[in-house]
Amino acid sequence: MLVGSGPGGLQLSYSLSRLGIDHAVLSDDAAPGGMFRRWPVFQRMLSWTKPFTGLPRTSRAYERYDWNSLIPDEDAHRAIMPPLMDGTSYFPSRPEMEKGLETFAERTGIRVRYGCRWESTKAIPSPARGGGQGGGQEFILTTSDGEYRAPVVVFAVGVAHPYRPPIPGLDQVPHYGDFRPVESYKDHRVFIVGKQNSGFEIATGLLPWARQLVLASPGATKLSVNTRTLVGVRARYVQPYEDAALAGGVIILDTTIEEVHREGAGFVVRTRNATDSRELSMAADDVIAATGFVSPLRDLPALGVATFGQSQLPAQTPFWESATVPGIFFAGTLNQGSPGLKKHGIPSNSGAVQGYRYNARVLARHMAETRFGVRIPRPQLQPAETVRFLLNELSHGPELWHQRSYLARVVHLDRDRGISDEGILPLSYFIDAGGPDAVAVALESNGQGDPYPAVYLRNNGVVSERLLPPHPLLDFAGTDYQRQLGEILDPVLSASPSPA
Amino acid sequence: MAVRDDVVNTIAAFSLFADLNGPQLEEVAHLFDETFFGEGERILRQGVSGSGFYIILEGSAAVRVNGVDRSTLKAGDYFGEISCLLGEVPVADIVAATPLRCLVLPGGQLEGFLTAHPKVMYRLLQGEARKLKNTTKWLS
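As you go down the protein sequences, you meet chains W and H in turn.
When you read off a place in the first sequence, starting at 1, and then add 653, the result is the number in our numbering.
When you read off a place in the second sequence, starting at 1, and then add 3, the result is the number in our numbering.
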């Protein structure tokens, strides 16, 4: 059972179907697209699709530049987004994104029971799966369309339920999702609670309309161009920040919000500075809570699904299974609840389409092999080609580029069975799970310079990390890299037999 | 990953933050991220770079050196500071002994955080002094 028809649900359904796994998809919506059927409020995506790259659009390498298309196996369905875009921006409009998802679902034959609302969840012991105490269980989903029963359930329900922190009076103001037509803010003083992308998106859209814009939250604003990650306000929305820096009429405050109360037709917001505790009150015609979203998990926490953080994300294993209730999996942006190594504090891109589309493919394969008895063949490699193969993946493998320090290309260097390409796996799983001699390669960033390759060699059960230097042209195929990777692999590779 | 609303109340009781006032605690809550680990998961890995400074909110964790458990950490305890301060890879694994909820600060931000909050730095120094004392006792 799979619940949800946003990009995460669609990608997982597609990938399960191609592995021959029977499943049903339910969705409360009337059509595919998930949150992109409504948002972003200013109707343009933050993720790009670069039309011209010199690469064939049917190649895997092109996916690095196309953050928005889902990822099929068949060339005919690849890179759906570029031809749907009107060429005015490399950020698709929201309707173009919605159209892309609809087109993917239609062309690949994804079947969804739309208008079917998941209402509640039960877990029951399953004798067929060694049920009873500590044994296997099955799940019953009660929906607006009757009960569904399955041994494995996957929720791809997004993180789109409005959240407001418990600030007195904030429950009285509209949330990001309630934003009115932009003209209705003409000559208004607008106070935006929150300094993430949603707050800055609204501020950007209001620059030509509002008289004054105030953005406030306790933490200082981070910018993606400084963090060199998706953490922080994206360049598209930096204009209000420049306006504040040049004293044009936007004010950005690092303060707590103590209280919001109505006064006349407007509001008064009382703030307090974190460093000197100074209070400041200001009047506004509109207050908007751009304070984020939580995951709509319904009764799953009562079933034992642990959640964490302000977004109440379900805590997950490296393979996106609930960390506390086996058999419940997650897909789509909820995958942020499986943080991986989070090296240098940099999160994966599992919150965004370009990241979680790969998670879904890895998850489908994992479920097929561990739950449904499917064995996916592993291509064999010759020792002489292994180094080049890995360097090519580091230079062009889209999974590694989009999911740094998170997804890795894994090759087994088994003394008995030979060298085999195990495909893409969660890096933390590779490091922690043990197994035969093997190598995993990933791309990594430290928030400062260019990304660089990381090599994790498992030799006699012990994993060691080796970081290779970055390359100014991001090309890791050259002789220097061949030599360095060859030296790392040599002790294990020279002991591995060639495949028969 | 911003933190849950109840984090400010939880950390107000931790000795590391005993000298901070309300808005300062809130600032800490916004600076750190919240994270969760299932039982048996590794949080710090011996020899793997890029880790952070962790403070346990709920649950307990084992300090494991070369596969041997050396001590247990619980709510209010912290770990990872040694590798952050020295810029080196961790010399121990930290493994969740129960489901574990933590606050985490990336290693590169620890210096800035501590110098901006000297009282927290002093409390952390006291903690390090205690660890050193225990190690010295153990060695003698």
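Beta carbons: idealized from backbone N, C-alpha and C, even for Gly.
Residue pairing from DSSP places Cys105 (chain H) in a beta bridge opposite H:Thr38 and H:Ile59. His914 (chain W) sits exposed, since fewer than 16 C-beta atoms from the chains shown fall within 10 Å of its C-beta. Rounded to whole angstroms, the Cβ separation of Ser964 (chain W) and Phe983 (chain W) is 13 Å, and the two are not in contact under 8 Å.
Val92, Pro102, Arg104, Val107 and Leu108: these are the residues of the segment 85 to 108 of chain H whose beta carbon lies less than 8 Å from some beta carbon of chain W, given in chain order.
Asp1085 (chain W) has a beta carbon lying within less than 7 Å of a beta carbon in chain H. In the displayed model, Ala1091 (chain W) falls within a strand according to three-state DSSP. By the beta-carbon neighbour count (other beta carbons within 10 angstroms, threshold 16), Pro1030 (chain W) is exposed. Excluding its 5 nearest sequence neighbours in each direction, Glu932 (chain W) has C-beta neighbours in its own chain below 6 Å: Arg925, listed in chain order.
Listed by position along chain H, the residues whose Cβ is nearer than 7 Å to that of Gly962 (chain W) are Met4, Ala5, Val6, Arg7 and Glu37.
Taking 7 Å as the CB threshold, Val51 (chain H) lines the interface with chain W.
Three or more beta-carbon pairs separated by less than 8 Å are not found between the segment 786 to 800 of chain W and the segment 731 to 742 of chain W, which leaves the two stretches without contact. Gly70 (chain H) has a beta carbon lying at 7 Å or more from every beta carbon in chain W.
At a Cβ-Cβ threshold of 7 Å, Leu117 (chain H) and Met124 (chain H) count as neighbours.
Ser948 (chain W) counts as buried, since at least 16 other C-beta atoms from the protein chains shown sit within 10 angstroms of its C-beta. A Cβ-Cβ distance of about 20 Å is found for the pair Trp862 (chain W) and Lys848 (chain W), leaving them out of contact under the 8 Å criterion. If you draw a straight line from the Cα of Gln1056 (chain W) to the Cα of Ser1003 (chain W), it is about 7 Å long. Not a single C-beta of chain H is nearer than 7 Å to the C-beta of His814 (chain W).
Taken in chain order, the unbroken stretches of alpha helix (DSSP H) that lie wholly in the segment 854 to 897 of chain W and span 4 residues or more are 877 to 880. In this structure, W:Glu755 is the residue among W:Arg710, W:Phe705 and W:Glu755 with its C-alpha nearest to the C-alpha of Asp682 (chain W).
The continuous beta strand (DSSP E) containing Pro778 (chain W) extends over residues Trp771 to Pro778. Remark: C-beta atoms of His1019 (chain W) and Phe1083 (chain W) do not approach each other more closely than 7 Å.
Ranked by how close their Cα comes to the Cα of Leu1126 (chain W), the residues W:Ser1058, W:Ala1061, W:Ala1086 and W:His1049 have W:His1049 in first place.
Per DSSP, the unbroken beta strand (DSSP E) holding Arg842 (chain W) starts and ends at Arg842 to Val846. For Arg1010 (chain W), the closest alpha carbon among the candidates W:Thr706, W:Arg864, W:Asn988 and W:Pro893 is that of W:Asn988.
Going by C-alpha positions, Leu1016 (chain W) is about 20 Å away from Ala959 (chain W).
When C-beta atoms of the segment 657 to 668 of chain W are compared with those of the segment 679 to 696 of chain W, three or more pairs fall below 8 Å, so the two segments count as touching. Assignment of beta-bridge partners to Phe982 (chain W) by DSSP yields W:Val807 and W:Glu974.
A residue is called buried once 16 or more other Cβ atoms fall within 10 Å of its Cβ, and Pro1122 (chain W), having fewer, is exposed. Membership of His1049 (chain W) in any beta strand (DSSP E) is not indicated; the residue belongs instead to the alpha helix (DSSP H) covering Pro1036 to His1049. Asn1012 (chain W) is classed as buried because its beta carbon has at least 16 other beta carbons within 10 Å across all chains shown. Residues of chain W whose Cβ lies closer than 7 Å to the Cβ of His33 (chain H) are, in chain order, Pro871 and Gly872. According to the DSSP assignment, Arg1018 (chain W) belongs to the alpha helix (DSSP H) that extends over Val1006 to Arg1024. Going by DSSP, Asn926 (chain W) is part of the beta strand (DSSP E) stretching over Gly919 to Asn926.
Around the Cβ of Ala927 (chain W), a 10 Å sphere holds 16 or more other Cβ atoms; the residue is buried. Check the Cα spacing between Arg45 (chain H) and each of H:Ser143, H:Leu103 and H:Gly111: the tightest is with H:Leu103.
Under DSSP, the beta-bridge partners assigned to Gln969 (chain W) are W:Ser975.
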